[in-house]
Amino acid sequence: VPDFANLTGQIYVLDLNLSIAQDRRPGYLRIAEGLRQAIQSGRLKPGERLPSCRRLAGALGVHRHTITAATGELVAEGWLEGGPRRAHRVSAVLPPDFFRSRARHAPPRPQKKLKWRLARGAGTPHVASGDSADPCRYSFSGGGPDLRLFPYEEFRACMGQALRQSPSRLGDYGDPAGHPEFIERMAVYLRRVRALTGRRILVTHGSQEGMFLVGQLLLRPGDRVAVDELGFQPAWDAFRAAGAELVPVRLDGQGMVPEALEEALQRHDVRLIYLTPHHQYPTTVTLPAARRVAIYELASRRGIPIMEDDYDHEFHFRSHPIAPLASADPSELVIYASTLSKVMFPSIRLGFLAVPQALHQPLADLRTVVTRQSNIFLQEAVARWMDNGGFERHLRRMRRVYQERRDALVAALAAGRASGLPLDWTVPDGGMALWLDCGGDSDLVAREARARRLRVLPESRYRFKASHPGTHLRLGYASRTLEEINGGMELLLKSIAATTSK
Ligand SMILES: Cc1ncc(COP(=O)(O)O)c(C=O)c1O
Numbered sequence: 012v013p014d015f016a017n018l019t020g021q022i023y024v025l026d027l028n029l030s031i032a033q034d035r036r037p038g039y040l041r042i043a044e045g046l047r048q049a050i051q052s053g054r055l056k057p058g059e060r061l062p063s064c065r066r067l068a069g070a071l072g073v074h075r076h077t078i079t080a081a082t083g084e085l086v087a088e089g090w091l092e093g094g095p096r097r098a099h100r101v102s103a104v105l106p107p108d109f110f111r112s113r114a115r116h117a118p119p120r121p122q123k124k125l126k127w128r129l130a131r132g133a134g135t136p137h138v139a140s141g142d143s144a145d146p147c148r149y150s151f152s153g154g155g156p157d158l159r160l161f162p163y164e165e166f167r168a169c170m171g172q173a174l175r176q177s178p179s180r181l182g183d184y185g186d187p188a189g190h191p192e193f194i195e196r197m198a199v200y201l202r203r204v205r206a207l208t209g210r211r212i213l214v215t216h217g218s219q220e221g222m223f224l225v226g227q228l229l230l231r232p233g234d235r236v237a238v239d240e241l242g243f244q245p246a247w248d249a250f251r252a253a254g255a256e257l258v259p260v261r262l263d264g265q266g267m268v269p270e271a272l273e274e275a276l277q278r279h280d281v282r283l284i285y286l287t288p289h290h291q292y293p294t295t296v297t298l299p300a301a302r303r304v305a306i307y308e309l310a311s312r313r314g315i316p317i318m319e320d321d322y323d324h325e326f327h328f329r330s331h332p333i334a335p336l337a338s339a340d341p342s343e344l345v346i347y348a349s350t351l352s353k354v355m356f357p358s359i360r361l362g363f364l365a366v367p368q369a370l371h372q373p374l375a376d377l378r379t380v381v382t383r384q385s386n387i388f389l390q391e392a393v394a395r396w397m398d399n400g401g402f403e404r405h406l407r408r409m410r411r412v413y414q415e416r417r418d419a420l421v422a423a424l425a426a427g428r429a430s431g432l433p434l435d436w437t438v439p440d441g442g443m444a445l446w447l448d449c450g451g452d453s454d455l456v457a458r459e460a461r462a463r464r465l466r467v468l469p470e471s472r473y474r475f476k477a478s479h480p481g482t483h484l485r486l487g488y489a490s491r492t493l494e495e496i497n498g499g500m501e502l503l504l505k506s507i508a509a510t511t512s513k
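Residue numbers for the sequence shown follow our numbering, beginning at 12 and rising by one.
Encoded structure:
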């Protein structure tokens, strides 16, 4: 009987030529490997009976349990059949080739890699991925929330409570439209704060998924979507992903021009109108009531749905936020999209659509195929956070902070204008960014700023067609402290001065 501890190389066991590796893995795994190799090499044939555990154990000088564990492993992998009270036989049908460890002398596999055929493009990669890839001293790109000020500890408690819930309730598949508890709280909140009633809510992975779903459900290749001539490219890409073509509509200082939209609707068979009426992206202007009515009536007369993207509703400083288009929608044509990316943080990937009844089930069915549902524990945690008042407390706090930051930005710019720079802007009533006319080519200014390690995004980044250089920059101030705003604006004013003197 060989001494198992010293097993190495080839061992003849009961005329099975077993080769047992000598390494630090447990003995049963090494014996299983030896048996597997014997089967793979054909020394043990399908249907052939293995010596009994007792005999194998005796021959190998190991405990019977070691053999039982080894054969158990091979039964689980499909190499052996039988046990525990029946003899083990080599399986009649062996695991497919794919799972076999490669025989030592197998011919080399072909090296040619598959050339993928992509059925469609993945859109233009405009989505901001944070600034980590582009380190700079100050960044005013985007218009995100201040991630440093989110009450993570408070939310952690809600998350803990959600996780302590019975897993059988929250850990399983749920309603594809969203977690009822979250939907209920959100519906009450939307009714109270945004005057939205009579809508059905569908929870999505951020508003981006909502826009993608709407595109897939309503648009056929070649359909037209009317958009502001300056806008939010990820939404455009979601519509393009459905094969749609975009029709840019003229904007002025008050948002989309209804007459320009009417002209576009006369010329093109538009199937969807995409708007950010509360704070136009990227110019931040609030669409005045008269224009809202005019645009709604145009859409209603022609039976065209409107996708209303209300992404930072609460951050409005001047008066109460203006009620969304969806709050007065007798024709039931508005698809309302919103998100917790600004209220909480973007990586939470929680957004929702609030849609007319008729669209709810088709959307829920479609999202079942795409992402099935959103994370239920997360929705439960947010519902709890809403229940205990944390959600609105955070909103109130951030509204104050962002307003203070907006005012600091305006003061810094006013100082620049007083020093003779050709700056112009309208103080935004809300939102998280300011649209600055810097009086010259804003691509140039952004490049000049970049050289000073300041990141600002020029108008051309948001334009449908960047045919001529714009004069605007979008300054996302919400995520910057007062010191950062002052430091960043000092660099920006220098950059503008440098380009105007060129
Ligand atoms: C116009 C607009 N819509 C929607 C969003 C939010 O998208 P999501 O909810 O997918 O994070 C943003 C965020 O930057 C935005 O600017």
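Using N, Cα and C, we set each Cβ at its ideal position, and we do this for glycine too. Quantities reported herein were computed from a predicted structural model and do not represent experimental measurements.
Ligand 1 heavy atoms versus the CB of residue i: any closer than 8 Å?
i	result
Gly266	no
Thr437	no
Tyr347	no
Thr482	no
Glu470	no
Thr287	yes
Glu319	no
Ser352	yes
Phe326	no
Gly226	no
Glu240	no
Val245	What sits at residue 245 in the sequence shown is Pro, not Val. True, at least one ligand heavy atom lies under 8 Å from that Cβ.
Gly314	no
Gln219	yes
With a threshold of 9 Å between beta-carbons, can residue i be considered close to chain C, or not?
i	result
Leu468	Note that chain C does not occur in the displayed structure, where there is just one protein chain.
Taking 9 Å as the threshold (C-beta atoms), are residue j and residue i in contact?
i	j	result
Leu283	Ala252	no
Leu374	Tyr347	no
Pro156	Ser352	yes
Pro367	Glu343	yes
Ser330	Asp452	no
Gly93	Val104	no
Ile50	Ile42	no
His190	Ile387	yes
Thr350	Ser490	no
Ala10	Val296	Residue 10 is absent from the model: the chain starts at 12 and stops at 513.
Ala188	Leu213	yes
Gln277	Arg302	no
His327	His289	yes
Pro293	Arg485	yes
Ala394	Glu270	no
Asp323	Gly442	yes
Ala68	Tyr39	no
Ser102	Thr215	no
Pro469	His483	yes
Pro335	Val345	yes
Met409	Leu160	yes
From the DSSP output, read off the bridge partner residues of residue i.
i	result
Phe363	Val214, Ser349
Val412	Val412 pairs with nothing; no bridge assigned.
Glu319	Leu286, Tyr347
His483	Asp448
Val281	Arg235
What three-state label does DSSP hand residue i in the structure shown?
i	result
Asn28	strand
Ser430	coil
Leu228	helix
Val296	coil
Glu495	helix
Tyr473	coil
Ala489	coil
Glu325	coil
Arg261	coil
Thr98	Thr is not the amino acid found at residue 98; the sequence shown has Ala there. Three-state DSSP puts Ala98 in coil, outside helix and strand.
Trp396	helix
Met340	Sequence check: residue 340 is Asp here, not Met. Residue state, collapsed to three classes: coil.
Trp247	helix
Tyr184	coil
Gly150	The sequence given here places Ser at residue 150; Gly does not occur at that position. Ser150: strand per DSSP, three-state reduction.
Phe109	Reliability fails at Phe109, whose pLDDT of 45 lies under 50, so the model's placement of it is uncertain and the value that follows must be treated cautiously. Looking at Phe109 - three-state DSSP - the assignment turns out to be helix.
Asp239	strand
Val421	helix
Val467	coil
Gly254	coil
Pro357	helix
Asp435	strand
Glu270	helix
Leu91	strand
Arg60	strand
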